[in-house]
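A quick write-up on the structure given underneath.
Now the structure itself:
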């Protein structure tokens, strides 16, 4: 059976919104990073869906998706690295406690 | 153009890439990190020597990388920026230690990434290169192992950046859906026709977020002050100039290739954002007491002026952006070079450290004064040429409100720039005379001073480079 | 040399400035003498140029042209005529005398004289630049040294005065820049070249808008009534020689701008704004006079008096006829000499008594007779006593404005009475009456100070007795200008 | 025709003296005086032959372009016609005599050379006024005279009274002068020239070009303002009495004989203009009459010898102005000349008295006749002349004026003038009797006769005031009036015995009454003063005019100044500069004033900027998710905006 494009788009939008929500409300930096993953994947979902529906260049979308996954991985890696370093000097991973820099 | 024959035109980039690995390699074996720095400097210069202007625009790597005069200009831009930054950072003590070599290596990567950004002509390429730049920036910002502020800056930068690029990516995915292709020209053509005209209006917003983040355009600028304050000073210097400039570059490319049809529409938006940006930047800068934070806000305001050119987006406007960026490169890097120096010598980034500087170290004070005047747009200095250009563009495009607001803003700006001048010249010294600057930094200062003066006095030379 | 005389005049001070830059900090005498000789050379060059100048010719002369920024066809275009040349000459003289007056500077001489020469370059350039872009550059170049000169060597509230002056003027000039750009893009082909721009025709609405933009820039500099508040502060805080430069040259840059740019470029708008200008002129004259009357600070009184006197220049401009223009132009020159002299005199007194409080003095006429004589001389010149230059210019202005409007003229004469009043009150409070024992030790004016004042006195008398020595240089140009304005 | 000798020398010689004295005075010492006297004598020697030729009917004029007024050339030069030559004659002679006198009077003064420098400058200016051929040159020299008067009144500037007096004099006359300036500006607008002879020809030849009479009247009126100022006519007469602070020779030269007369000369010069503006002449007459009467009335009660003379001068000037107002050009000028002689003499006499007694208050004098005879005799001669006793000069000229008033049918004016004549005689002889007769009232005063250097000029002038009236008297068949009539035409009247009788009667009556009151019945004076207390106070306090001025003009001026200054500092400065309310309000809204504003820049825009700053700063919480929230909010806002527009 074939899932109509609209459904996928709506789903990805929801996914994106969820991620965004998470980014805004989570205090734990790790959580935020994961939420960002959600957002990226929402975009991926779009890309795949479109590559399936579109005629012009189906493969490019999928390739893009793969690249995005890779980038997401690096982002997560760098992020976690920095979080660790931060934890080492500040003993916290909560955003509302890292606010030396303001105003 | 296929991969193999593309490589012919890709020599400088390859040199940088190879050079980066070479640096990392040597870093493992060489004890004296200074040589690593010199090596990377050498590599940059060599790369610069291999850059040559293509006769006509080239579509390298199946038009992933579009090498035209525009890209060429930014290639030089990136190389100059990195070189100067390295010169500045040689004498930056906090870097000293086992990891110093990596720092230089990362900068070579950064140079490479920036050039990619300049040439990227494909959504995928844009995403990748921008992310590449961002990743390295995160690392550089958080480079100081022990420094909590540096770490905090890094994490903020990372979170903000990732979210921004995620949003942009989502927009890209929509564009892909609309056009079925990732190549900018194709996307552009697709957006010409009906159902997607309105989509263009939506999609451009996602780019606003993603690239607005890079160029610290309000309201996507919030990260900038914190990050700039927390990062190591040379890195701050670099971040305020190069990634921002390249952000503008890719922004311009996207706008001109993809979104030209709906220009009337987004130029209104950009006008508003430009006003917002410069006003926010200037107003907030008024009461800063940390010089780095102060310059951070000032650089936001400067972005606002550059956005004037984007908003107009006439020929003159686009050239204005380039000229402004060039002027801004010398001026802002120069200012930060002085900040680095003073930070090193007095161990403080507070404005208070600048009291009576004209007596403690006259030459440095004079340099900083010139850079600040240039930022304030006083002729005959580089900053004035840039301002003049964007003003001219705005007047020509009949953006009267925008220009008037900008004029008022420049007065406010002039006031806070002169706060520092006042501190340096009109208040009495707060300490003994300072030692002379270390040679590399002195050289960098000299170069940038010359740049500011030359661009101000003989803009013709530089303009001829851009008008092509 | 002969073909590039103007460039020499403009850039000789800059050379001097760099010479100063390479002299070690502590050899202050050398620095002072370098500066003095530079200003003398500039004055000499101005005299040479006077030889080349054809008074009978209306148009621009000694033109120097070179392409500067081809992309915008900005040119390095210098030239002079009956309007700018007297100003160049005035600048040369005032700079020379003020330089003599600066020998008293005690701290940071090197910076001072460097900035001083930079300032002179800026002023000269402003007066001879015929390319709007170039003009703007020089115009701004004047600001920065001025900021430092007031801010570093000024009085107690110097920082406030300096930044106020700077921002005020900057704000004005930025709007002027917008106006310049407007003119540039309205012209076809796009150009900043005055010699070409003058001929072109522009729409009335456009003219009005751009005229206002320029007006803001110039009015703040003059200063015209509501924009004058920077002046008292700047004057009071600035060191004496700088006040002299400020009153003698900088204020003239504003009115010069009207003559050189506003009127020829926007004649219709000028006619349209004529009543407004006249009203502002009257406001300035009367208002400045009254406020000067209320001053107890010697310097502030002189400062406000120049608000009043510059009002006459504006009045002459507003009159828009031969006599008005001649009067205004002459007034620019004479006010430069007279008020410059007055500021020098204030300085002479301040150096000795370290006070400017008018009520604190008295009876100095017996204590320092020579000073008393000279001060009386300048006061009389300033209140427009005949046979002194001030009278001729004011007479011409009034004659002109009378042809324009009787009411305006009548009101402006009130300003003359006021001038007499506040100046005589000043003279009485400083020179006449019983000697305040506190000042029994004051020494009379010395030879060097007299030397700085004598040339001014000679000029004032010469022009007052036979005005044609200077008017003949201005008249052809002014008549040509009048033709343009009146169509 | 061009004069045989360079006429310009006449004013230039004294000017040279001035230049030398002012520059080299401190080395010249008393030689300065010789220089001044020499130059002025030389000028006299040059002038008198010229005048003689003019009296014989010659007419000298020469001019050169000085300035271009628009297209019209402004010609400076000299004009020697009957009027100017007459004054030239008088000024040179009187001026020289007075300077000779001053040599004696000022001896030993620390600023001796300065004094003579000023006097020479004054001579130069006055002579220029006399021979000038156009209004501008006239005005310029006129102003210089004003300056000299200022400098000389304030000669003893250590005295506050002198300092105030000189300022008052200059400013008061300045007001009139501005009127004068406007006057000839108007004239220029009306007839396009400032040259006297051109003006005369244009106005008299009015047929050619229709003249704008209203404009001419305005011109005439405003020019007359100049006269009011300089000749101390009501309401601007207040400065002259105070001007007596100056050294007495100055009072004689400037404030009796020459400068104050220049105002009258101005009207005489512009006579054709006034004739062409008939509705101004009544004003002139009125002012003149009021002044003549009022001043005489004040003079009745003054105690300071010089002030009495000052008021008498004002009163006499009023006479002249009245005469001119009744278009009696000859009469006015004639009285001007005669008055110059005997009033100068009176002042010099007074000076000699002061010199001898060192007091000025007549109540402290008395019985000086024996002590200083020649002074007394000359003084009495002059007083008789002033009182108008035939055959002294004063009689003829005053009689001419009375005749003009009577014959032109202004009987009221005639009456007032007659009354004035009576009062004149009275107060002059009150002065004489109190000063020279009776017994010395103040033992401390040890009077002595002045040196010859001072008495000789007295005698010379005495001779003058006796004989100078002859040319206008029947003995010479009113030669002077005819002579004047050549220049410009005005009605002439047959001498009438009735008028003569009246004037003689008034004079004699005045003298006798004075004699009775102040020599025989001493108490009468007090009694009358008591009886008419209000009148007495009115006269004694000079009609309270000074008080009125200071209350309603001087003080308000300063008040306005102060108010506007306050306005300037708060409002104008505040509007841009926000030291005022706006800033305070903002600061109250949020306490954001930090050190930078206080010491930096309290600028409204600045203040406002800082106010915003306090918000924008707060946005920067340093809390990453707030930032992101703002981003998302912005994007959503844009999106909604878009979707609307789609």
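Protein chains in written order, with our numbering: chain A, 351 to 453; chain B, -17 to 450; chain C, -2 to 484; chain D, 152 to 797. Beta carbons are placed, not taken as given, at the ideal position from N, Cα and C, and that holds for glycine.
Within 10 angstroms of its Cβ, does residue i collect 16 or more other Cβ (buried), or is it exposed?
{"i": "residue 383 (chain B)", "result": "exposed"}
{"i": "residue 549 (chain D)", "result": "buried"}
{"i": "residue 13 (chain C)", "result": "buried"}
{"i": "residue 120 (chain C)", "result": "buried"}
{"i": "residue 15 (chain C)", "result": "exposed"}
{"i": "residue 742 (chain D)", "result": "Any reading at residue 742 (chain D) must be qualified, since the residue scores a pLDDT of 30, below 50, and its modelled position is unreliable; the value itself is stated next. The residue is exposed, with fewer than 16 neighbouring Cβ atoms inside 10 Å."}
{"i": "residue 663 (chain D)", "result": "exposed"}
{"i": "residue 172 (chain D)", "result": "buried"}
{"i": "residue 291 (chain B)", "result": "buried"}
{"i": "residue 484 (chain C)", "result": "exposed"}
Using a Cβ-Cβ cut-off of 7 Å, state whether residue i counts as contacting chain D.
{"i": "residue 288 (chain C)", "result": "yes"}
{"i": "residue 452 (chain C)", "result": "no"}
{"i": "residue 383 (chain C)", "result": "yes"}
{"i": "residue 13 (chain C)", "result": "no"}
Please check the pair residue i and residue j, which I expect to be a contact at CB under 8 Å, by giving their CB distance rounded to whole angstroms.
{"i": "residue 518 (chain D)", "j": "residue 588 (chain D)", "result": "7 Å"}
{"i": "residue 239 (chain D)", "j": "residue 202 (chain D)", "result": "6 Å"}
{"i": "residue 693 (chain D)", "j": "residue 333 (chain D)", "result": "The pair is not a contact, with the Cβ atoms about 29 Å apart (cut-off 8 Å)."}
Cβ of residue i within 6 Å of any heavy atom in the ligand ATP?
{"i": "residue 416 (chain C)", "result": "What this structure holds is no ligand at all, so the ligand ATP is not there to describe."}
Of all Cβ atoms in chain C, is any one closer than 7 Å to the Cβ of residue i?
{"i": "residue 420 (chain D)", "result": "no"}
{"i": "residue 393 (chain B)", "result": "yes"}
{"i": "residue 402 (chain B)", "result": "no"}
{"i": "residue 329 (chain D)", "result": "yes"}
Hey, does residue i have any beta-carbon neighbour from chain A nearer than 7 Å?
{"i": "residue 269 (chain B)", "result": "no"}
{"i": "residue 782 (chain D)", "result": "no"}
{"i": "residue 789 (chain D)", "result": "no"}
{"i": "residue 458 (chain B)", "result": "The structure shown does not extend to residue 458 (chain B), since chain B is modelled only from -17 through 450, so no value can be given for it."}
So residue i is in the alpha helix (DSSP H); what residue range does that whole segment cover?
{"i": "residue 400 (chain C)", "result": "386 to 401"}
{"i": "residue 358 (chain C)", "result": "Run containing residue 358 (chain C): none; DSSP gives neither H nor E here."}
{"i": "residue 332 (chain C)", "result": "319 to 350"}
{"i": "residue 54 (chain B)", "result": "51 to 72"}
Does the beta carbon of residue i sit closer than 7 Å to a beta carbon anywhere in chain B?
{"i": "residue 8 (chain C)", "result": "no"}
{"i": "residue 204 (chain C)", "result": "no"}
{"i": "residue 186 (chain C)", "result": "no"}
{"i": "residue 28 (chain C)", "result": "no"}
So residue i is in the beta strand (DSSP E); what residue range does that whole segment cover?
{"i": "residue 60 (chain C)", "result": "58 to 66"}
Item checked: Residues of the segment 390 to 424 of chain C whose Cβ lies closer than 9 Å to any Cβ of chain D, in chain order -> 392, 393, 395, 396, 397, 399, 400, 403, 406, 407, 410, 411, 413, 414, 415, 417, 418, 419, 421, 422 and 424
Check: Quick one, which residues of the segment 135 to 168 of chain C are near chain B if we go by CB-CB under 8 Å, in chain order?
Finding: 137, 138, 140, 141, 144, 145, 148, 149, 155, 156, 159, 160, 163, 164, 167 and 168
Item checked: Near-chain A residues of the segment 196 to 229 of chain B (beta-carbon distance less than 7 Å), N- to C-terminal order -> 208, 211 and 212
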